[in-house]
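In what follows, a single structure is set out as structure tokens and then discussed.
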Amino acid sequence: MSKQNFTLQTSNLSIGYKSKSETITIAKNINLGLEKGKLIALIGENGIGKSTLLKTLTGIIPPLSGEVTLLNKLLKSYTPLDLAQELSIVLTEKLPPSNLTVYEIIALGRQPYTNWLGTLSGEDKIKINEAIELTEIQHLVNKKHDEISDGQLQIALIARALTQDTSIIILDEPTTHLDLVHKAILLKLLQKLTNETGKTILYSTHDIDLAIQMSDEMIVFTSTQIVQDEPCSLIKTGIFNTLFDTKYLIFDTYIGKFKIK
Amino acid sequence: MFFLFLVNVSLGSVAIPLREVIQGLLFQKMSKESLEIILWNFRFPKAITAVLVGIGLSMSGLLMQTLFRNPLAGPYVLGLSSGASLGVAFIILGTGFLPTFISSFFLSNYGLVLASSLGSFLVFMAVLLFSQKLKDTMAILIVGLMFGSFTSAIVSVLSYFTTAEKLQKFTFWSMGSISNLSWNEVSFLSVFIFIGIGISFLVIKPLNALLLGEKYAQSIGINYKKTRFLIIIATSVLAGSITAFAGPIAFIGLAVPHMAKLVFQTSNHFVLFWSTLLLGAIVMLCCDTIAQVPGNDITLPINAITSVIGAPIVIWLLVRKKRF
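Okay, structure coming up:
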């Protein structure tokens with residue numbers, strides 16, 4: 001595997017928070033490589049540090065040590081505008097109240113490319129329409145963002161990330177708050193996007209069964225190690241049983257699901 | 262708006278017929294010389310001040326509502342006007358303790374604008390600091406309210422030690438008035454409004470990004486710190502300079518952006534920018550026309566009118582609390 005295939009890479013990365021008085025290290029020696037066109041799930045227990053890892057990978061907080069490379073260039077050497085053209089995000093938190101329509105939200109994804117007034121050019125509009133078609137939300141575009149369901153909003157925000165035209169999209173728990181059907185719809189969409197657009201998509205999730213079925217690769221975050229591999233290989237190593245420190249759950253390697261003991 | 266402007270000019274303790282107003286505007290002779298003096302020395306400066314105050318306060322309200330992602334933000338509610346008052350209070354009431362040559366500098370227009378802009382700037386910084394700790398809409402409002410009480414406390418201490426004459430000057434100022442500004446002062450004020458509005462125009466695009474929240478805005482390449490800095494400067498200059506000349510004027514900054522959002526049903530700041538300017542001027546001209554009590558000698562304090570219109574809007578927003 002040549003180095004060029006990696007969209008995002010980490011080497012000897014340590015993550016955590018640094019304040020004047022102390023440094024809290026959450027995890028160290030993280031070596032990951034996210035390949036082009038792959039759908040990758042990040043799983044781990046609540047509070048283990050998934051968000052910290054995502055924040056570090058998106059450049060919101062700096063790494064304690066080690067490096068994050070995006071397209072063979074150090075993440076910290078990107079200007080905010082350059083970074084916005086290569087990396088986009090989708091968050092779980094609700095949008096602040098406003099009159100924004102779905103179309104306007106999606107169009108905001110073009111901001112890294114528009115002039116100082118934010119005027120949309122012909123090319124911008126083409127990109128926006130492409131994203132709307134890919135995510136199949138034509139019927140929603142004229143609605144206000146608080147008139148649609150959580151699942152629909154999540155998909156609209158994915159469309160927004162698509163118009164940003166980046167090599168990688170990072171989603172923070174996109175399936176939370178959704179019912180099973182909408183979880184499936186959303187993950188199918190992510191899978192389709194990686195196949196059709198060649199983008200790398202990394203998402204964190206608590207739906208481990210679905211992640212095992214739908215992802216090309218998984219990053220398993222436990223208290224002792226962080227492992228990246230294909231779901232089947234991960235099952236063979238038995239790592240899922242070390243995921244949660246509890247006596248109530250056991251991973252059934254045959255059906256690929258957790259069971260209650 | 263142009264029509265309102267004319268109506269505003271024509272009405273007052275002495276009514277000037279609209280036709281005469283237009284004649285006067287076109288530099289033609291008017292029927293009486295006294296009318297000409299009233300028109301050029303009182304009515305026009307006042308109407309222009311109304312427009313400047315209206316657009317300035319409304320724009321600072323719009324900037325603050327988007328920055329705080331809080332529909333109830335505004336220069337008066339969040340205590341910026343109080344901060345500016347404090348600055349002015351120090352100047353008007355406190356300069357007695359200083360040597361004459363310094364106090365004469367501070368009592369000039371420059372000194373007043375500087376002090377009140379500085380006052381609103383400091384309060385803005387403080388509110389911003391608290392708002393990062395308090396995510397709750399109501400808590401931030403209460404902080405603004407506390408700043409109001411804090412200022413009035415300091416003002417009352419200052420007034421205890423000052424002369425009756427200065428106290429009277431300050432009291433009149435604090436009731437808010439957009440009349441009695443000379444052409445000199447009007448042009449001085451318009452320079453500051455122009456600067457403030459100009460900066461606001463530059464941040465239209467980042468303001469739209471901020472509608473998605475701070476994190477998304479940063480992820481689409483917005484320099485959040487720079488944007489926030491520009492907004493703080495623009496708001497302080499607008500609220501500060503207006504308060505220095507016209508006193509603390511209530512609720513315009515809060516209410517007008519909501520009217521714009523309601524009328525145009527959009528959050529796009531490119532539309533909101535112009536509509537807020539337009540509505541700000543219109544509302545302020547209306548309030549001033551009402552305050553003149555047409556056909557009568559009385560002039561009500563402008564704050565009474567803006568509060569009567571503005572306070573119900575705030576209550577209505579709180580009750581409705583859906584989409585802003």
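Residue numbers (my numbering), protein chains in the order written: chain A, 1 to 261; chain B, 262 to 585.
Where a beta carbon is used, it is the ideal one built from N, C-alpha and C, also for glycine.
To the nearest angstrom, how far is it from the Cα of residue i to the Cα of residue j?
{"i": "ASN115 (chain A)", "j": "MET325 (chain B)", "result": "24 Å"}
{"i": "MET1 (chain A)", "j": "GLY33 (chain A)", "result": "Low confidence applies to MET1 (chain A): its pLDDT is 43, below 50, so where it sits in the model is not reliable enough to give any reading."}
{"i": "LEU297 (chain A)", "j": "PRO231 (chain A)", "result": "Any answer about residue 297 (chain A) is impossible in this case: the structure gives chain A only from 1 up to 261."}
{"i": "VAL452 (chain B)", "j": "TYR103 (chain A)", "result": "38 Å"}
{"i": "VAL653 (chain B)", "j": "ARG581 (chain B)", "result": "Absent from the structure is residue 653 (chain B), since the part of chain B shown begins at 262 and ends at 585."}
{"i": "ILE226 (chain A)", "j": "ILE260 (chain A)", "result": "24 Å"}
{"i": "ILE250 (chain A)", "j": "PHE240 (chain A)", "result": "8 Å"}
{"i": "PHE585 (chain B)", "j": "ILE60 (chain A)", "result": "Note that PHE585 (chain B) scores 44 on pLDDT, short of 50, meaning its location in the model is unreliable; the coordinates nonetheless yield the value given after this. Roughly 29 Å separates the two Cα atoms."}
{"i": "VAL524 (chain B)", "j": "LEU539 (chain B)", "result": "12 Å"}
{"i": "LYS430 (chain B)", "j": "VAL464 (chain B)", "result": "38 Å"}
{"i": "ALA521 (chain B)", "j": "LYS257 (chain A)", "result": "54 Å"}
{"i": "PRO467 (chain B)", "j": "LEU390 (chain B)", "result": "21 Å"}
{"i": "GLY501 (chain B)", "j": "LEU318 (chain B)", "result": "10 Å"}
{"i": "LEU578 (chain B)", "j": "SER378 (chain B)", "result": "29 Å"}
{"i": "THR197 (chain A)", "j": "HIS139 (chain A)", "result": "22 Å"}
{"i": "ALA552 (chain B)", "j": "ILE277 (chain B)", "result": "17 Å"}
{"i": "LYS192 (chain A)", "j": "GLY409 (chain B)", "result": "56 Å"}
{"i": "ALA345 (chain B)", "j": "THR496 (chain B)", "result": "12 Å"}
{"i": "LYS94 (chain A)", "j": "ASN469 (chain B)", "result": "16 Å"}
{"i": "ALA184 (chain A)", "j": "LEU243 (chain A)", "result": "23 Å"}
{"i": "VAL349 (chain B)", "j": "THR423 (chain B)", "result": "14 Å"}
{"i": "LEU180 (chain A)", "j": "LEU190 (chain A)", "result": "15 Å"}
{"i": "SER11 (chain A)", "j": "LEU210 (chain A)", "result": "29 Å"}
{"i": "GLU173 (chain A)", "j": "ASP146 (chain A)", "result": "20 Å"}
{"i": "TYR113 (chain A)", "j": "ALA159 (chain A)", "result": "16 Å"}
{"i": "SER149 (chain A)", "j": "ASN370 (chain B)", "result": "55 Å"}
{"i": "LEU395 (chain B)", "j": "LEU347 (chain B)", "result": "25 Å"}
{"i": "PHE68 (chain A)", "j": "SER413 (chain B)", "result": "What sits at residue 68 (chain A) in the sequence shown is Val, not Phe. Answer to the nearest angstrom: the Cα atoms are 53 Å apart."}
{"i": "ASP245 (chain A)", "j": "ILE43 (chain A)", "result": "14 Å"}
{"i": "ASP558 (chain B)", "j": "LYS125 (chain A)", "result": "59 Å"}
{"i": "ILE570 (chain B)", "j": "LEU375 (chain B)", "result": "30 Å"}
{"i": "SER343 (chain B)", "j": "SER381 (chain B)", "result": "7 Å"}
{"i": "LEU265 (chain B)", "j": "MET407 (chain B)", "result": "37 Å"}
{"i": "TRP434 (chain B)", "j": "THR504 (chain B)", "result": "9 Å"}
{"i": "LEU292 (chain A)", "j": "LEU8 (chain A)", "result": "The structure shown has nothing for residue 292 (chain A), since chain A only spans 1 to 261."}
Since residue i is in the beta strand (DSSP E), which residue starts that stretch and which ends it?
{"i": "THR114 (chain A)", "result": "Counting along the chain, THR114 (chain A) falls outside any beta strand (DSSP E), and DSSP gives it neither H nor E."}
{"i": "ILE527 (chain B)", "result": "Just to set this straight, residue 527 (chain B) is Thr in the shown sequence, not Ile. First-last for THR527 (chain B): undefined, no H or E at that position."}
{"i": "ILE456 (chain B)", "result": "Note, ILE456 (chain B): premise wrong, no beta strand (DSSP E); alpha helix (DSSP H) at 444 to 463."}
{"i": "THR10 (chain A)", "result": "6 to 18"}
{"i": "SER65 (chain A)", "result": "65 to 70"}
{"i": "VAL90 (chain A)", "result": "87 to 90"}
{"i": "LEU354 (chain B)", "result": "It is not in any beta strand (DSSP E) - LEU354 (chain B) instead sits in the alpha helix (DSSP H) that spans 341 to 355."}
State the start and end residues of the unbroken alpha helix (DSSP H) segment that holds residue i.
{"i": "ASP245 (chain A)", "result": "No alpha helix (DSSP H) holds ASP245 (chain A); DSSP gives it neither H nor E."}
{"i": "GLY571 (chain B)", "result": "563 to 581"}
{"i": "ILE106 (chain A)", "result": "102 to 108"}
{"i": "LYS50 (chain A)", "result": "50 to 57"}
{"i": "LEU279 (chain B)", "result": "279 to 286"}
{"i": "PHE263 (chain B)", "result": "263 to 271"}
{"i": "LEU324 (chain B)", "result": "305 to 328"}
{"i": "PHE391 (chain B)", "result": "370 to 394"}
{"i": "LYS430 (chain B)", "result": "425 to 435"}
{"i": "LYS236 (chain A)", "result": "231 to 237"}
{"i": "GLU22 (chain A)", "result": "Note, GLU22 (chain A): premise wrong, no alpha helix (DSSP H); not H, not E."}
{"i": "ALA334 (chain B)", "result": "Neither: ALA334 (chain B) is in no alpha helix (DSSP H) and is coded neither H nor E."}
{"i": "LEU81 (chain A)", "result": "80 to 84"}
Return the residues of the segment 466 to 491 of chain B that lie within a Cβ-Cβ distance of less than 8 Å from chain A, sorted by chain order.
From the segment 466 to 491 of chain B, only LYS466, ASN469, ALA470, LEU472, LEU473, GLY474, LYS476, TYR477, GLN479, SER480, ILE481, GLY482, ILE483, ASN484 have a Cβ closer than 8 Å to chain A.
Starting from the N-terminal side, write out each stretch of the alpha helix (DSSP H) that is 4 residues or longer and does not extend beyond the segment 167 to 222 of chain A.
For the segment 167 to 222 of chain A, whole alpha helix (DSSP H) runs of length 4 or above, ordered along the chain, are 180 to 197, 208 to 214.
Would the segment 471 to 489 of chain B and the segment 75 to 90 of chain A be scored as touching if the rule is three or more Cβ pairs under 8 Å?
Counting Cβ pairs under 8 Å, three or more are found: they touch.
Assess contact between the segment 527 to 538 of chain B and the segment 85 to 100 of chain A, defined as three or more Cβ pairs (one per stretch) separated by less than 8 Å. Is contact present?
Between the segment 527 to 538 of chain B and the segment 85 to 100 of chain A, the count of C-beta pairs closer than 8 Å reaches three or more; the two stretches touch.
Per the contact definition of three or more C-beta pairs closer than 8 Å, is the segment 333 to 353 of chain B in contact with the segment 510 to 528 of chain B?
Segments in contact, yes.
If we count Cβ pairs, one from each stretch, closer than 8 Å, do we get three or more for the segment 161 to 170 of chain A versus the segment 82 to 94 of chain A?
Taking a cut-off of 8 Å for Cβ pairs, the segment 161 to 170 of chain A and the segment 82 to 94 of chain A touch, as three or more such pairs fall below it.
Could you say if the segment 290 to 307 of chain B and the segment 470 to 478 of chain B meet the contact criterion of at least three C-beta pairs nearer than 8 Å?
Fewer than three Cβ pairs drawn from the segment 290 to 307 of chain B and the segment 470 to 478 of chain B lie within less than 8 Å of each other, which leaves the two stretches out of contact.
I'd like the ranges of any beta strand (DSSP E) spanning at least 3 consecutive residues and lying wholly in the segment 130 to 171 of chain A.
Restricting attention to beta strand (DSSP E) runs no shorter than 3 residues, the segment 130 to 171 of chain A encloses them at 168 to 171, ordered along the chain.
Against chain A: residues of the segment 318 to 340 of chain B by CB proximity under 9 Å:
Going along the segment 318 to 340 of chain B in chain order, one finds THR327, ARG330, ASN331, PRO332 with a Cβ nearer than 9 Å to chain A.
Chain A contacts made by the segment 508 to 529 of chain B, where a contact means CB separation under 8 Å
For chain A, the residues of the segment 508 to 529 of chain B that bring a beta carbon within less than 8 Å of one of its beta carbons are LYS522, GLN526, THR527, SER528, ASN529, in chain order.
What residues from the segment 129 to 156 of chain A come within 8 Å of chain B, judged by C-beta to C-beta, listed N to C?
Interface annotation for the segment 129 to 156 of chain A against chain B: LYS144, ASP146, criterion Cβ-Cβ distance under 8 Å.
Meets three-Cβ-pair contact criterion under 8 Å: the segment 172 to 186 of chain A and the segment 112 to 129 of chain A
Counting Cβ pairs under 8 Å, fewer than three are found: no touch.
Any alpha helix (DSSP H) of 4 or more consecutive residues that is wholly inside the segment 468 to 549 of chain B
Counting only runs of 4 or more residues that sit fully inside the segment 468 to 549 of chain B, the alpha helix (DSSP H) segments are 475 to 480, 485 to 507, 513 to 525, in chain order.
At a CB distance below 8 Å, what residues from the segment 103 to 117 of chain A approach chain B? Give them in sequence order.
From the segment 103 to 117 of chain A, only GLU104, ILE105, LEU108, GLY109, GLN111, PRO112, THR114, TRP116, LEU117 have a Cβ closer than 8 Å to chain B.
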